[in-house]
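In order, the protein sequences belong to chains D, H, L, C, E and X.
The first sequence lines up with residues 2 to 318 when you count with the numbering used here.
The second sequence lines up with residues 2 to 318 when you count with the numbering used here.
The third sequence lines up with residues 2 to 318 when you count with the numbering used here.
The fourth sequence lines up with residues 2 to 318 when you count with the numbering used here.
The fifth sequence lines up with residues 2 to 318 when you count with the numbering used here.
The sixth sequence lines up with residues 2 to 318 when you count with the numbering used here.
Notes for the one structure printed next.
Number of protein chains: 6
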Amino acid sequence: MTDLVTFGETMIRLSPPDDERLETTTELEVRAAGAESNVAVAAARLGTEAVWTSKLPDSPLGRRVTSELESYGLETDPVLSDEGRQGTYYIEFAGEPRGTDVIYDRADAAVTTARAEELPIERIRESEWFYTSGITPALSDTLEETTEELLRAAREARTKTAFDLNYRSKLWSPAAARETLTGLFEHVDVLVTAVRDARNVLDATGDREAIARELADEWGFETVVLTLGAEGALAVHDGDLTRQSAFETETLDPIGTGDAFVGAFLAKRIGGGDIGGALEYGAATAALKRTIPGDIAVVTSVEVESVIDTAESGISR
Amino acid sequence: MTDLVTFGETMIRLSPPDDERLETTTELEVRAAGAESNVAVAAARLGTEAVWTSKLPDSPLGRRVTSELESYGLETDPVLSDEGRQGTYYIEFAGEPRGTDVIYDRADAAVTTARAEELPIERIRESEWFYTSGITPALSDTLEETTEELLRAAREARTKTAFDLNYRSKLWSPAAARETLTGLFEHVDVLVTAVRDARNVLDATGDREAIARELADEWGFETVVLTLGAEGALAVHDGDLTRQSAFETETLDPIGTGDAFVGAFLAKRIGGGDIGGALEYGAATAALKRTIPGDIAVVTSVEVESVIDTAESGISR
Amino acid sequence: MTDLVTFGETMIRLSPPDDERLETTTELEVRAAGAESNVAVAAARLGTEAVWTSKLPDSPLGRRVTSELESYGLETDPVLSDEGRQGTYYIEFAGEPRGTDVIYDRADAAVTTARAEELPIERIRESEWFYTSGITPALSDTLEETTEELLRAAREARTKTAFDLNYRSKLWSPAAARETLTGLFEHVDVLVTAVRDARNVLDATGDREAIARELADEWGFETVVLTLGAEGALAVHDGDLTRQSAFETETLDPIGTGDAFVGAFLAKRIGGGDIGGALEYGAATAALKRTIPGDIAVVTSVEVESVIDTAESGISR
Amino acid sequence: MTDLVTFGETMIRLSPPDDERLETTTELEVRAAGAESNVAVAAARLGTEAVWTSKLPDSPLGRRVTSELESYGLETDPVLSDEGRQGTYYIEFAGEPRGTDVIYDRADAAVTTARAEELPIERIRESEWFYTSGITPALSDTLEETTEELLRAAREARTKTAFDLNYRSKLWSPAAARETLTGLFEHVDVLVTAVRDARNVLDATGDREAIARELADEWGFETVVLTLGAEGALAVHDGDLTRQSAFETETLDPIGTGDAFVGAFLAKRIGGGDIGGALEYGAATAALKRTIPGDIAVVTSVEVESVIDTAESGISR
Amino acid sequence: MTDLVTFGETMIRLSPPDDERLETTTELEVRAAGAESNVAVAAARLGTEAVWTSKLPDSPLGRRVTSELESYGLETDPVLSDEGRQGTYYIEFAGEPRGTDVIYDRADAAVTTARAEELPIERIRESEWFYTSGITPALSDTLEETTEELLRAAREARTKTAFDLNYRSKLWSPAAARETLTGLFEHVDVLVTAVRDARNVLDATGDREAIARELADEWGFETVVLTLGAEGALAVHDGDLTRQSAFETETLDPIGTGDAFVGAFLAKRIGGGDIGGALEYGAATAALKRTIPGDIAVVTSVEVESVIDTAESGISR
Amino acid sequence: MTDLVTFGETMIRLSPPDDERLETTTELEVRAAGAESNVAVAAARLGTEAVWTSKLPDSPLGRRVTSELESYGLETDPVLSDEGRQGTYYIEFAGEPRGTDVIYDRADAAVTTARAEELPIERIRESEWFYTSGITPALSDTLEETTEELLRAAREARTKTAFDLNYRSKLWSPAAARETLTGLFEHVDVLVTAVRDARNVLDATGDREAIARELADEWGFETVVLTLGAEGALAVHDGDLTRQSAFETETLDPIGTGDAFVGAFLAKRIGGGDIGGALEYGAATAALKRTIPGDIAVVTSVEVESVIDTAESGISR
């Protein structure tokens, strides 16, 4: 039986090397990147039977995506299509004040036409967990419907559902996001959100703990995980609050940090860990991710545990 | 005064190095590429005051295109737009029997919305020549109209018009191309076409000479240039036929060979050369192009003339 | 059910770029490479449910191997070990008369200690086909025994067995190879061998057809496939002889050509094809392989069929 | 009408990648680099009609320079010559205590023979501003004369003149520089200098403000801009003093910071900005430059304004 | 006459670029690396007539080692062998908490079979100094004997002997190291050790000074140098204690820092410097090394002296 | 005792990768290159005790040259100077009709000031052979004198002298070359020249054999070697004529082919080989060189002999 199915868009990420500008670069580095596959890979590498599904063009570019994801040990089960593009995004890394900049080129991607009936919905029903994020319904009206149907199908089949708010201002406004996303919350067991998005999109108020408790109460989530950037994370689960600080890290590539956190959190929960252990596992994996080029946490459980042990023992390596 | 204005889409060309497959590559080489800018650059480098116009996204990707074109000495005068993508294409180079493969990702490019009234139509009217190709009207209904309007405006202003049939089977069928393109022919002074496309798209029959004469007669072109691949080219101009054989070349990158030919042909004509000299100049530039990576003929007139002189003197370098 | 299990060593292949010498290179390209995984990947890409098994160090280097193989769509099922190295080989590409040179650094690889009882022998028993090659028993005494046990187990379970002679003069002498390999032949259904090795190692005499028939008769193989380099291949199957010429190809990297042939031959046979179709499929895949960098035939069935169709129709692309 | 003409040497900059040593590198990165073209590019990108003139060899190396400069949107108008080399410089980047090291190889560059009468002096006369720096007269006796003539011609035509002291200890001694440069000051409206050079070359004494006021008084400059490294800049203009602190930045490549400052300062002044706005614009552009590889500030006005706005609002991005 | 002979293994170091993971890299950077050749190169570059000896495979890989070492100005005098591998090591650079990781692949290297009688022992006898480290006897029983014989031969010939403890936990346990290494101490004049190894391997107790004095007393070393990482080094020589703080440095590649220190220390001693001068020279060279990619201190004496002068004058460059 | 001393300029060779144009390249490959060091390296690798001397700037660029040369096993003994540049040359590789193009940037190189009295003339006197080429006296008046003095000194000391005409049309005219070079011939034992240069520079007439005999007779050379490109070489030695055909080769980089020939020819002569053996050795080394990137024949005697043996046995590898 599958432990975790995730659904969402995976793009080809194109980035100039060595902080070169997009305007002048003669070369682009190529990687697969997408929130839901990032989560699935992190979970898979940490012991979970994880499957990622999506809709991809039946082309070398679509194969570029599955090829890389499978190289990390992930099972992929996408629908292949003759219509729709392969979504891409360009990322220009730079120090401040230039700052890292992202240009999406994901309109009309094949995934935007994915309907629930063509996706492997039986695998979701038979899986222990299902995960998607707030990026998916933002991509098209069809995907808004599909996301709702998949979450509903999962819940009906007693598959646990996890959902990361993942607000993207380049895709929609806070108000539009709020309306769509809150409509999905009735199907969600575990909500993950950056505290900033909780305030900005969900109009949450008060301090962090109050926000987590209020979200849990208002929408009836079993678990609410609030990510706090450099200050770690906190969770309210069945009314109990747990805090986790962040592990120190030297950042090479910050993209995908949140997904690494969620993937490891889910892996630990699926493996029977309690909320505290899962937050700690998530935070350690997130710290490792930031040292790794690309969106994806190419880690091992030995490495994650070593980060936790080293920090606990107070010994710097 | 401008000698030549060209109008059309310029894409970002992405290619894996060293015959690597798109499915597995970790790197892509980046270049600007488009038939009409290829022609304009070749002409500009060979002494023509050439301007390329188009519609581009106002983004680093749009600037990537103008930046590279201007590096070759071309003047660019594009409309910048907040709507529409930057078109791209992926090209996987390979020996036979794998063969080089192209994947277009140009749908919904900004240029597909370009209307005549937003383009620098006055520059076309004041230019000596105007050039576009059969790719342009294939890209959108809007561009079909725009192409017709620009050609018409040029002719009304006594700007000479040159048009390369440039049939692309990935964009439309021969029948659709025929219907649209022949509708434009009344505005065209100089038609360039591969003999293969003349047969396949225009239903031309007979031997090469017959085809050239028949096209000239049927549509009233001042000049018809038929390109013959490794066998060179021939032209019918005011009823006279001229033949030009191809120069020997070691091919590194064949893309853009035809555009190099046309750009050099126009440069020579604009500079007052006769048809024979222009064909020879085109053929020599085309031979040089094939030794140069990328779509664009980064050549000098000294080099083109050296190719001609060396071949004439029978001395191998 | 699995269609094909292959067993053998996969190395990390290290090669200087651009014909640079090993003595002076500052950079090495890294790829996974091994006859039995090459065969499994080719078969998997052409529609076969293929699994590769081996013994690998439980290290980043071992994971480098499985990571790349899985990126091609292959299922891997290796034993992981704390003992034994990751085998490597260095390859220096060069034109003649320098010639391409290989340096093996595979002694004491983890796989040399692989015993049948630790390998997934049940998967072999339940598979339709099992494949290994003459490289495997050459690597260690343990592997000589293991190869014999796996072939025996396969035959006992009515799993068909295919075996490529794959003589490597850097591993053993013709005499040593003959003694060991002929001892395995009683467990082999399909023998593949280069005609040169048949002569040199198996002391076969006569012309090609005679050699194929003689091998089939002497050892009772159901099928004997003789590969002939640029002259293609021929097979004797149930007493019938079939010939296949080679497809023309521009060679970028010849390593793995034979494995691509065998993988595609097996894929076609497993899919129900007859011997002639399988030889043709193998020859077309081999031709494609030579245009692809690395040991592995990263192809699709569409591409293989296109090679066959193009050649049959006499149309050059 | 042209807003700004700059005159000076642009070299080819050669640098080993990744902090490799020149002694051992097998590869060099290639860029165009020169104070006066750096200034012109920065100004051009921020809205100024800027032209750079110089004298270059009529060779691929000379074209390498103009090609790159034009890719940034700069107009170039160099004299081409059959005599004289293309100047180059080698730069080895390194952390402390090794430190970044520069080796000039610019002796006998074509530009060292440039006489005023062969340069496009009419464009200077018709331009709003003219800029050169203290590097130019240091390069040859001819250039010392030429610099004087160009500045004089500009002033006679009521073209405003800006001059950056740009002392280079590898080219001349402080005493030699003082003698030559002060001889030019009568033709200069705006003097820019690092406070360190003011002290070391011009023998200025006192605190920063005193130095700026004293220089303005002594030589009658309309504006004196003193750059202070990490502490920003200050200016005395018509007797009024204005201060500007530096914007925080993560430095990737510090070369060209001062030129980015001057180019943006001039762009703002040319566009009608006051001294305070011009200093702020300069400082923000300088901060951006330090995040960009190469000598040149490949920025947009949107980016520069965003740096200013972000800093003013006190919000870190 | 030779000033210094060193003996030990030099490996080929393979590292993924740009903090990429070994598991996913497609490229490895190649360098020569080994404690004893690192020391010899540093000494040679700082004015010492140094020779490195070892045993290498007579292959392109063995030549890769000598080729690179000789490029730094080192004389190499290895035995070439048809048996034994070329040792390699893989190094994956990463920020914390991932951390840099090393995988040795050095078992059965040719050097592990090196016997004293095949090595150029006469050169050691005729040299002023001989150096090896605690890595060498850890590599094989043969090398344990050989190390003892070479040190003994040196002492008998009044060649001064220097020995760096260089404990490697991946090669042996502290107890095994202690037993072997202390057996060699009777032949050693100058012992260098990290204070951490002195405690961990030699069971030294007390503060740093006490440890240095105790080691000197217990084993009769003429000089004991204790390296203290970021806190510099201290030495006890003929009963006198000297301290040296570390020079500030921006670390690009820390590997080989200790060897750079020892090589420069020996160069200064060989050139007649006192202990204090040698420690200072060592510390400055170590600081430079950390800015240089690779294991080896590619420095000049001018650079080392500049580091010392700058620090002494309190002027930051 | 040294077998061979060579004297001449070694440049830094800068070439764009992958047939990119100099005008557009962002990267240059760096190598050491010079006729006389090319000869010395080839000879050294084939068993000769060879030393190369020259005059170099005392800079990282000068060290770049010696570092690379020593990596090939050559002993270098240059004078280091604070005056004069490091000569460079740019080479743009391309297929026909573009063709490979060279741009020298070697004016005012340090070597142009080298006087005999500062060079290690004693090493020449004590060497068995001395070699320089017609490039050296073309570089400056000083070098014309120096070349004459070194050749004279060699002859006086009974050191054999070999001289390659090496006419370079970018350095001087045939008439100037003839005047200078023939003035040196009285000091030359072995003259090597391309037959084309013999005709063009020395005004030799008749067929090849006649030319060789005539040169030997007219100037009293002990040996005249005429190189004939793809047709091999011939020699007249003590009145006897010997012919050698060229070995087949796949050309990657033709630069340095002649130097490889001469270095191997001299190595064989120095080792006691007869003229026929030396020509064969030269031709085989030249064939290998063409498969190796860079100017230098990084070969081994095993490889050279293998080329000869394979060709003799008529077996293609």
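From the three backbone atoms N, C-alpha and C, an ideal C-beta is built for every residue, glycine too.
Please read all numbers here as calculations on a predicted model, not as lab measurements.
{"query": "DSSP beta-bridge partners of alanine 33 of chain E", "result": "E:Ile13"}
{"query": "Below-8 Å beta-carbon distance, aspartate 254 of chain E vs any chain D residue", "result": "no"}
{"query": "Beta-carbon neighbours of glycine 74 of chain D, restricted to chain L and to distances below 9 Å", "result": "Arg64, Thr67, Ser68, Glu71"}
{"query": "CB contact below 8 Å: tyrosine 91 of chain L versus chain E", "result": "yes"}
{"query": "Contact set between the stretch 291-317 of chain H and chain D, restricted to residues whose Cβ is under 7 Å from the partner", "result": "none"}
{"query": "Alpha helix (DSSP H) runs contained entirely in the stretch 171-223 of chain H, provided each spans 4 or more residues", "result": "175-185, 196-201, 209-220"}
{"query": "Every unbroken beta strand (DSSP E) inside the stretch 32-99 of chain D [3 residues or more]", "result": "51-54, 56-58, 80-82, 89-93"}
{"query": "Local Cβ density within 10 Å of valine 303 of chain D, reported as buried at 16 or more and exposed below that", "result": "exposed"}
{"query": "C-alpha distance - valine 6 of chain L paired with glutamate 71 of chain L, whole-angstrom precision", "result": "15 Å"}
{"query": "For glutamate 69 of chain H, the nearest candidate out of X:Asp198, X:Ala115, X:Phe248, X:Glu24 (CA to CA)", "result": "X:Glu24"}
{"query": "Closest residue to threonine 250 of chain E among E:Ala155, E:Thr67, E:Val305 (Cα-Cα distance)", "result": "E:Val305"}
{"query": "Phenylalanine 319 of chain L: first and last residue of the uninterrupted beta strand (DSSP E) it sits in", "result": "The shown model of chain L, from 2 to 318, leaves out residue 319 of chain L, and the question about it has no answer."}
{"query": "Exposure of glycine 273 of chain E, with buried meaning 16 or more beta-carbon neighbours within 10 Å", "result": "exposed"}
{"query": "Outcome for leucine 81 of chain L when other beta-carbon atoms lying within 10 angstroms are tallied against a minimum of 16", "result": "exposed"}
{"query": "Expected contact under 8 Å - CB spacing of phenylalanine 222 of chain L and valine 263 of chain L to nearest Å", "result": "The Cβ separation is near 15 Å, so there is no contact."}
{"query": "Under 9 Å by beta carbon: chain X residues contacting glycine 251 of chain H", "result": "Note that residue 251 of chain H corresponds to glutamate in the displayed sequence, not to glycine. Per Cβ cutoff of 9 Å: Ala95, Gly96, Glu97, Pro98, Arg99."}
{"query": "Cβ neighbour criterion (16 or more within 10 Å) applied to glycine 9 of chain X", "result": "buried"}
{"query": "Contacts that phenylalanine 266 of chain C makes with chain D (C-beta to C-beta distance below 7 Å)", "result": "Under the 7 Å cutoff, chain D gives no residues; its nearest Cβ is about 18 Å from phenylalanine 266 of chain C."}
{"query": "Of the listed residues E:Val66, E:Leu57, E:Asp241, E:Glu21, nearest to isoleucine 297 of chain E (C-alpha basis)", "result": "E:Val66"}
{"query": "Through-space distance from arginine 46 of chain E to tyrosine 73 of chain E, alpha-carbon basis", "result": "7 Å"}
{"query": "Minimum Cβ-Cβ distance from threonine 25 of chain X to chain H less than 8 Å", "result": "yes"}
{"query": "In DSSP terms, what glutamate 28 of chain D is bridged to", "result": "H:Glu30"}
{"query": "Members of the stretch 127-156 of chain H that neighbour chain D once the beta carbon cut-off is set at 9 Å", "result": "none"}
{"query": "Strand pairing of aspartate 165 of chain L, partner residues [DSSP]", "result": "L:Ser134, L:Val193"}
{"query": "Interface positions of the stretch 42-53 of chain L facing chain H (Cβ-Cβ less than 7 Å), listed along the chain", "result": "none"}
{"query": "Beta-carbon spacing of isoleucine 293 of chain X, leucine 242 of chain X below 8 Å", "result": "no"}
{"query": "Chain-ordered neighbours of glutamate 215 of chain X on chain H, where CB pairs are closer than 9 Å", "result": "Going along chain H, no residue has its Cβ under 9 Å from glutamate 215 of chain X, so there is no contact; the nearest lies around 26 Å."}
{"query": "Glutamate 180 of chain X: contacting residues in chain H (beta-carbon distance under 7 Å)", "result": "Here the premise fails: no neighbours, minimum Cβ distance about 27 Å."}
{"query": "Beta-carbon neighbours of phenylalanine 262 of chain H, restricted to chain X and to distances below 7 Å", "result": "Ordered by position in chain X, no residue passes the 7 Å Cβ test against phenylalanine 262 of chain H, which lies about 14 Å from the chain."}
{"query": "Coil, strand or helix - valine 300 of chain X by DSSP", "result": "coil"}
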